[in-house]
Ligand code: ADP
């Protein structure tokens, strides 16, 4: 301001001199008074006011209201959006403040929620431009914090905040332990929050009362073992399935309303996977547990052969040392580590992955560094129905509820509800290696996850079979014949062509119909750390490593060579709860 006044004073006196010399210039000889406040226009060109702009996020348009005065951004508010709970909502909650605090649109995006982050940033940029702002002023990067090293002490430290880590943390806390969870991303939820959130259960009283779904524990053990090519650790499978009905009651006990799912074989909680993650985290934090985001574990501390804590990289880049009496590794799988996957199974080179970017296998590497045994690392599952351009997985629920797969000739070619590896193989062997998934309005209405695929523009909607056939580039009469055959099979509960066995499926006689082209994508990594039924980590010498526990996708053996759909969350919940309980009794000893 001072400099500007000085500049104006010099300018005016120069003009006065010029005017006295007879040049054409202002003729007023009086020295004008300098204004107290320089007009806004001369400072930034910003016109004070509220400006709105909307940009496409992941699921919806994100409408943002930005208020500015002549110099700065006063407030940023997301006024409308339908982004995913527990993912995009974190960007909605945190980015506006970060933009205002930093007076910049060059703020860090929220890892795991980048699409929503960019929608907000673009909307604020648009608003600033509408106000006439000089964008250079608002594009300075945020100042980098000075890294600080910290040391913390706790009873139990958990690596990873997916379903396994949060279940373990909650149960350990319920058993009286002090617990810290470290999560390397800016948000919790990992692969879990991107899943359907459904978990298989066998023999729960609700299933028996309804006389539907998986009533028999032994049958389901057999189904899981066969699905895993009998490569599974039978003790882990038996333990998981024998505890599946009990986990429904545990879920209810910790605060959820667990409900029987669409097909009676699986259960869900309200809000599906986001509901599960948000709930587990809230219950854990309400009971005094701590979640440290943006904190990446890099090393497990071993003292005299027992786990004694971890070293991590903190949010500010500083070293975080957490001393603990027990460590639970729940860092998930390696489905996003595409180089490693191509090395482990060259057939999968070039496949897309629907995994979250944090699924890089860190937990396995850290465990191996302290002598843990690992198994089945080259057992990597593709999910059969992935929309490749967006890497969106179309949940099994689509097919379990009666959706069909049709090839480019307009015909079905497989039992849609067979094991994932078999369906993936069948799709890959079709012309061009892809198929169309077809469902109808009734199926879309039955499941919030499926509605979400339409919201994000992945599923296309058709009022007539003719339009659907056109979309698929197949003959209308051929497609109509396929649909008729299927509807008859459902009515008669007999599918002579492919022996689809689910008798409670819906037919597809009534539209509108929905479709999407699908192909297999990398989905789940079955290999990982060797554990026993106490979720204790086993060393390469076959001994328990004291104080070291693991649960969830980071472990190997539960799913053998192929995971059954709906068994991942069950695995996380059962072994997460067990890891929490066993680690708490270990530290209490
Ligand atoms: P699970 O289904 O077994 O719970 P998820 O993928 O849902 O697995 O969750 C695992 C979580 O662990 C993810 O949120 C991931 O970001 C986190 N994670 C992975 N590696 C690390 C690490 N080195 N430090 C902290 N958290 C990690």
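In my numbering, the protein residues as written are 1052 to 1640.
Backbone N, C-alpha and C fix where the C-beta goes; we use that ideal spot for every residue, glycine too.
Sub-8 Å separation of residue i and residue j beta-carbons
i, j, result
"residue 1179", "residue 1155", "no"
"residue 1644", "residue 1461", "Nothing about residue 1644 can be reported from this structure: the residues present for the chain run from 1052 to 1640 only."
"residue 1381", "residue 1405", "no"
"residue 1568", "residue 1630", "no"
"residue 1376", "residue 1638", "yes"
"residue 1565", "residue 1490", "yes"
"residue 1318", "residue 1288", "no"
"residue 1339", "residue 1210", "no"
"residue 1711", "residue 1360", "Nothing can be reported for residue 1711: it is not among the residues displayed for the chain, which extend from 1052 to 1640."
"residue 1175", "residue 1138", "no"
"residue 1311", "residue 1322", "no"
"residue 1445", "residue 1487", "no"
"residue 1498", "residue 1423", "no"
"residue 1617", "residue 1250", "yes"
"residue 1372", "residue 1362", "yes"
"residue 1496", "residue 1562", "no"
"residue 1606", "residue 1573", "no"
"residue 1327", "residue 1214", "yes"
"residue 1484", "residue 1570", "yes"
"residue 1295", "residue 1621", "yes"
Helix, strand or coil at residue i [DSSP, three-state]
i, result
"residue 1640", "coil"
"residue 1464", "coil"
"residue 1629", "helix"
"residue 1073", "Because residue 1073 carries a pLDDT of 31, less than 50, the predicted location of this residue cannot be relied on, and the following value inherits that uncertainty. Three-state result, residue 1073: coil."
"residue 1557", "coil"
"residue 1370", "strand"
"residue 1100", "strand"
"residue 1332", "helix"
"residue 1090", "Here residue 1090 scores only 45 on pLDDT, less than 50, and its place in the model should not be relied on; the value that follows carries that caveat. Correct three-state label for residue 1090: coil."
"residue 1084", "Per-residue confidence for residue 1084 stands at a pLDDT of 46, beneath the threshold of 50, marking its modelled position as unreliable; the derived number appears in the next sentence. DSSP places residue 1084 in coil when its eight states are reduced to three."
"residue 1610", "coil"
"residue 1215", "helix"
"residue 1251", "strand"
"residue 1259", "helix"
"residue 1162", "coil"
"residue 1597", "strand"
"residue 1317", "strand"
"residue 1351", "strand"
"residue 1507", "coil"
"residue 1265", "coil"
Straight-line Cα distance separating residue j from residue i
i, j, result
"residue 1365", "residue 1303", "34 Å"
"residue 1253", "residue 1609", "16 Å"
"residue 1429", "residue 1386", "11 Å"
"residue 1240", "residue 1437", "20 Å"
"residue 1345", "residue 1238", "8 Å"
"residue 1189", "residue 1133", "27 Å"
"residue 1528", "residue 1457", "14 Å"
"residue 1090", "residue 1118", "With a pLDDT of only 45 at residue 1090, under 50, the local geometry of the prediction cannot be trusted, and the value read off the model is given with reservation. Straight-line Cα distance between these residues: approximately 18 Å."
"residue 1522", "residue 1552", "29 Å"
"residue 1604", "residue 1559", "35 Å"
"residue 1624", "residue 1409", "20 Å"
"residue 1202", "residue 1347", "15 Å"
"residue 1575", "residue 1185", "48 Å"
Residue(s) in a DSSP beta bridge with residue i
i, result
"residue 1502", "Its beta-bridge partners do not exist; DSSP assigns none."
"residue 1022", "Here the chain covers residues 1052 to 1640 and nothing more, so residue 1022 does not appear."
"residue 1426", "1579"
"residue 1564", "1491 and 1513"
"residue 1145", "Answer by DSSP bridge pairing: none, since residue 1145 is not bridged."
"residue 1203", "1373"
Residues of its chain near residue i, where Cβ-Cβ distance is below 6 Å and the 5 sequence neighbours each way are ignored
i, result
"residue 1284", "1608"
"residue 1120", "1099"
"residue 1230", "1207, 1220, 1223, 1224 and 1340"
"residue 1506", "1110"
"residue 1421", "1351 and 1353"
"residue 1309", "1299, 1302, 1303, 1318 and 1320"
"residue 1596", "1588 and 1590"
Close-in-space but distant-in-sequence residues of the same chain around residue i (CB under 7 Å, 5 per side omitted)
i, result
"residue 1419", "1425"
"residue 1632", "1222 and 1226"
"residue 1394", "none"
"residue 1550", "1466"
Neighbourhood of residue i by C-beta distance below 8 Å, restricted to the same chain and skipping five residues each side
i, result
"residue 1021", "The structure shown does not extend to residue 1021, since the chain spans only 1052 to 1640, so no value can be given for it."
"residue 1613", "1278, 1279, 1280, 1430, 1432, 1470, 1471, 1472 and 1577"
"residue 1335", "1217, 1220, 1221, 1224, 1230, 1232 and 1342"
"residue 1197", "1367"
"residue 1166", "1108, 1109 and 1139"
Cβ-heavy atom distance, residue i to the ligand FAD, below 7 Å
i, result
"residue 1219", "Among the ligands present in this structure, namely the ligand ADP, the ligand FAD is not found."
Residue-chain proximity (residue i, chain C), Cβ-Cβ < 8 Å
i, result
"residue 1250", "Although the question refers to chain C, the structure presented lacks it and comprises just one protein chain."
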